[in-house]
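The block underneath contains the structure these notes are about, expressed in structure tokens.
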Amino acid sequence: MVFHKEFQTAGKEAGLQIWRIEKMDLKPVPKQLHGSFYTGDAYVVLYTTPAPSYYIHMWLGNECSQDESGAAAIFATQLDDSLGGGPVQFREVQNNESINFLGYFKSGIKYMDIYQWCGSECNRFERLKASQVAIDIRDNERNGRANLKMVEEGDEPQAIIDALGAKPNIAAATPDDEAVERTNKNKGSLYMVSDATGSMRTSQVAQTSPFKQEMLSPSECYLLDNGVDGKIFLWKGPTANADERKAAMSVAEQFIKDKNYAKNTQIQVIPAGGETTLFKQFFSNWKDKDQTTGPSKAYTIGRIAQVKQVPFDASTLHSNNSMAAQHGMVDDGSGKVQIWRVEGGEKVPVDTSNFGQFYGGDCYLILYSYRTGGREKHIIYTWQGLKSTQDELAASAFLTVKLDDSMGGSPVQVRVTQGQEPAHLMSLFKAKPMIIYLGGTSRKSGQSQAGATRLFHIRQSSSKATRAVEVVPSAACLNTNDAFVLKTPDALFLWKGVGASSEELAAAKHVCSFLGGSVTEVVEGKEPAGFWSALGGKKDYQTSRTLQKVVKPPRLFGCSNKSGCLIAEEVPGDFTQADLATDDVMLLDTWDQIFLWVGNEANEVEKTGSAKIAQDYVNSDPSGRRGTAVVTIKQGSEPPTFTGWFLAWDPKMWESDPLERVRANF
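Going left to right, the sequence shown walks through residues 1 to 666 as the UniProt record's numbering numbers them.
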């Protein structure tokens with residue numbers, strides 16, 4: 001295939017390359033003129049990342065001719081082909097450019113303000129979610145450098161007016177949020193693009209979103225119509241024929257005309273594997289090929305398929321993909337490990353003798369390198385303590401990007417919040433447990449003073465990885481299924497629950513070894529008086545031995561009617577107390593019991609309908625179990641039989657408003 005001579009250097013170096021269409025040919029635009037566009041012209045813009053990955057933008061001025069517009073489309077397709085068909089393509093129209101495109105043209109690196117606008121009648125959970133999104137954009141897309149500003153309706157600053165234009169009449173509040181969410185979910189239509197009839201045609205696959213990822217065949221091209229919101233997406237299957245792939249842009253432009261959409265409708269041409277977030281949001285079950293963490297999967301109760309549980313065996317990880325996927329393990333953790341602590345905006349190496357010990361007031365970067373298929377691969381885990389400062393959270397995100405860039409963009413990045421460590425991360429510390437301190441810091445000149453009395457909870461996961469988590473020193477935190485270590489000013493106890501495993505006891509002994517002192521091993525039910533007095537006296541705790549004879553791992557679902565009907569959505573991975581949504585009813589399946597946890601802000605539909613969901617869930621279980629007890633409990637009144645399923649349960653978590661906690665990070 002013959003390519004334009006300009007494409008010989010295209011994408012060879014990271015950065016921006018721009019060509020103007022001049023007399024139906026490509027003319028490079030000098031770097032000093034990047035950012036200047038003529039309204040009567042069309043341009044082809046290529047942005048190359050260090051990884052590398054490619055983004056092609058076809059920019060059309062309001063006064064450019066149809067010939068120039070067509071030439072730009074042809075050159076953009078040729079450029080895409082010259083780069084192996086992997087770039088993401090954008091069609092940009094003057095005054096309606098995408099954020100990606102506008103972001104290229106700044107003098108140096110400019111970190112922008114982030115405004116959160118709150119409608120006068122939005123509810124507190126919408127405010128909370130918007131705040132969380134704003135913080136995530138600041139910490140992970142702006143490297144923690146942007147300023148967050150919350151704006152109330154009617155009090156918009158001039159900066160917002162300048163960016164968005166004159167303020168229109170704001171639509172009245174919609175009383176039925178669920179109806180609005182249903183409408184938003186149904187805004188897309190999916191079409192297949194094919195030349196099987198001899199000419200390029202589109203045929204509808206699904207009338208409304210959300211779609212299923214399985215609808216996209218790798219041998220076809222598809223058009224996703226979101227024209228009502230000014231966007232059209234073209235998805236190119238990796239084995240689609242060349243004619244269909246090349247015609248993608250022209251098909252989209254003709255589609256816009258046929259639908260009478262605005263001329264400035266944006267078009268994105270997307271290769272398989274390069275799907276953007278905007279595109280993926282139209283699919284209810286989207287999962288990336290190399291996805292490490294991701295959104296929950298939605299399950300319709302009554303249609304639960306039987307899933308074969310695969311026992312964990314690290315020695316067969318590379319040959320047994322089913323087991324590796326189920327347990328989230330890329331290998332057995334025997335590769336090279338490097339750890340840095342975030343300190344003063346820089347990363348400071350952690351001594352190997354302290355590997356596996358994490359402080360709740362710190363953030364860490366863990367670089368793991370391993371070999372597979374003769375190639376070296378890398379994972380960067382960014383571990384963020386629950387008590388770490390906003391500066392440290394921002395710095396950890398910035399340093400992760402910096403480390404990733406220094407390695408050519410090849411590592412997989414995994415952000416980990418304290419208490420939600422994946423099994424593979426915990427496996428990096430070999431036979432030692434992963435130790436997480438309640439709070440404080442290990443930074444030099446800033447080390448926190450340890451409490452006089454300390455309690456560590458030791459539990460092993462289904463993938464054989466063990467955590468030792470410091471918890472509040474109270475008898476209510478004990479659990480008959482696990483081991484605990486209690487350190488007082490004059491004693492060191494190793495408490496052995498009836499159901500504690502040998503691995504948990506070994507991990508407890510390891511914790512005792514670095515705490516120091518003579519160890520007194522205490523068997524549950526035979527505790528000395530000094531043990532109880534150190535914990536503030538005897539209290540009820542989890543005494544059910546269910547955990548040690550679990551047939552299936554516990555599962556946590558959120559029951560919500562926000563999608564228009566009452567559904568149960570599963571929390572993926574190892575769940576924590578933070579996964580209990582206070583505006584929902586949560587279903588916890590511990591095999592011999594079903595708990596319905598009612599959040600204080602749950603609505604009546606959720607409260608009354610969740611009991612039926614629980615019963616349908618049990619009745620439809622392919623294992624055939626029947627008559628399982630369903631226990632309903634209220635937020636703030638959780639018994640030990642419930643809290644025992646959550647590692648390091650914090651009874652004070654909901655004493656402060658979660659919205660206020662999030663706003664404190666602004």
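From the three backbone atoms N, C-alpha and C, an ideal C-beta is built for every residue, glycine too.
Short Cβ contact (8 angstroms threshold) for residue i with residue j
i	j	result
Leu60	Ala71	no
Ala491	Lys538	no
Leu582	Asn603	According to the sequence shown, residue 582 is Thr rather than Leu. Not closer than 8 angstroms, so no.
Lys231	Thr265	yes
Ile594	Val571	no
Asn62	Gln94	yes
Phe7	Gln89	no
Glu503	Gln460	yes
Phe105	Gly35	yes
Val337	Ile379	no
Leu647	Ile613	no
Gln418	Gln384	yes
Glu556	Phe575	Checking the sequence shown, residue 556 turns out to be Leu, not Glu. Yes; because the gap between Cβ atoms is below 8 angstroms, this pair is in contact.
Ile270	Leu234	yes
Tyr191	Gln204	yes
Ile114	Leu83	no
Ile56	Asp80	yes
Glu220	Ala247	no
Where residue i falls: helix, strand or coil (DSSP)
i	result
Thr382	strand
Gly636	coil
Lys5	helix
Cys64	coil
residue 667	The shown model of the chain, from 1 to 666, leaves out residue 667, and the question about it has no answer.
Lys539	coil
Ser560	strand
Gln266	strand
Leu580	coil
Thr197	coil
Cys527	Note that residue 527 is Glu in the sequence shown here, rather than Cys. Three-state result, Glu527: coil.
Thr608	helix
Asp482	coil
Phe646	coil
Val251	helix
Thr292	Unreliable positioning characterises Thr292 in this predicted model, as indicated by a pLDDT of 30, which lies under 50. The coordinate reading is nonetheless provided below. Correct three-state label for Thr292: coil.
Arg20	strand
Trp654	helix
Ser189	strand
residue 667	The structure shown does not extend to residue 667, since the chain is modelled only from 1 through 666, so no value can be given for it.
Glu470	strand
Residue closest to residue i, alpha-carbon to alpha-carbon, out of the options
i	options	result
Pro52	Gly558, Met58, Ile594 and Ala10	Ala10
Asp139	Pro168, Ala166, Thr382 and Trp117	Thr382
Pro433	Gly361, Tyr359 and Lys509	Lys509
Asp657	Ala76, Glu22, Arg127 and Ala483	Arg127
Tyr617	Ala206, Tyr364, Val401 and Ala568	Ala568
residue 746	Lys263, Ser518 and Glu346	In the structure as shown, the chain starts at 1 and stops at 666, and residue 746 therefore has no counterpart that could be examined.
Leu164	Ser131, Gly188 and Trp117	Trp117
Asp258	Pro210, Val133, Asp225 and Ala240	Asp225
Ser518	Asp195, Gly536, Ala534 and Leu494	Leu494
Gly345	Asp229, Phe211, Phe484 and Thr400	Thr400
Thr276	His4, Gly86, Leu16 and Tyr43	Gly86
Leu486	Thr453, Ala465 and Ala506	Thr453
Arg415	Cys64, Tyr364, Ala172 and Thr389	Tyr364
Gly188	Val228, Lys347 and Ile161	Val228
Thr431	Gly409, Arg467 and Ser406	It is worth fixing the name first, because residue 431 is Ala in this sequence and not Thr. When only C-alpha atoms are compared, the closest one is Arg467.
Thr608	Ser560, Asp243 and Thr389	Ser560
Gln281	Lys212, Gln420, Ser65 and Ser406	Lys212
Pro210	Phe283, Lys496 and Ala171	Phe283
Integer-rounded CB distance, given that residue j should sit under 8 angstroms from residue i
i	j	result
Glu13	Thr48	7 angstroms
Asp584	Glu606	6 angstroms
residue 670	Val498	Coverage of the chain is limited to positions 1 through 666, which leaves residue 670 absent and any answer about it impossible.
Thr202	Phe279	Incorrect: roughly 17 angstroms between the Cβ atoms, too far for contact.
Trp19	Lys31	Trp19 to Lys31, Cβ: 13 angstroms. No contact.
Ile435	Gln357	5 angstroms
Gly333	Leu428	5 angstroms
Val471	Leu438	7 angstroms
Ile633	Trp591	No, Ile633 and Trp591 are not in contact; Cβ-Cβ is about 17 angstroms, not under 8 angstroms.
Gly408	Lys387	At roughly 34 angstroms, the Cβ-Cβ gap does not stay under 8 angstroms, so Gly408 and Lys387 are not in contact.
Chain E contact for residue i (CB, 8 angstroms cutoff)
i	result
Ser501	The chain inventory of the structure shown lacks chain E, comprising one protein chain alone.
(message) Could you tell me which whole alpha helix (DSSP H) segments of length 4 or greater appear in the region 326–409?
(response) DSSP runs (the alpha helix (DSSP H)) wholly in the region 326–409: 390–406.
(request) Just list the alpha helix (DSSP H) runs in the UniProt domain "Gelsolin-like" (26–102), keeping only unbroken ones of 4 residues or longer that don't cross its boundaries, in chain order. (result) Annotation: the UniProt domain "Gelsolin-like" (26–102) contains the following complete segments of the alpha helix (DSSP H) (minimum length 4 residues), in chain order: 66–82 and 99–102.
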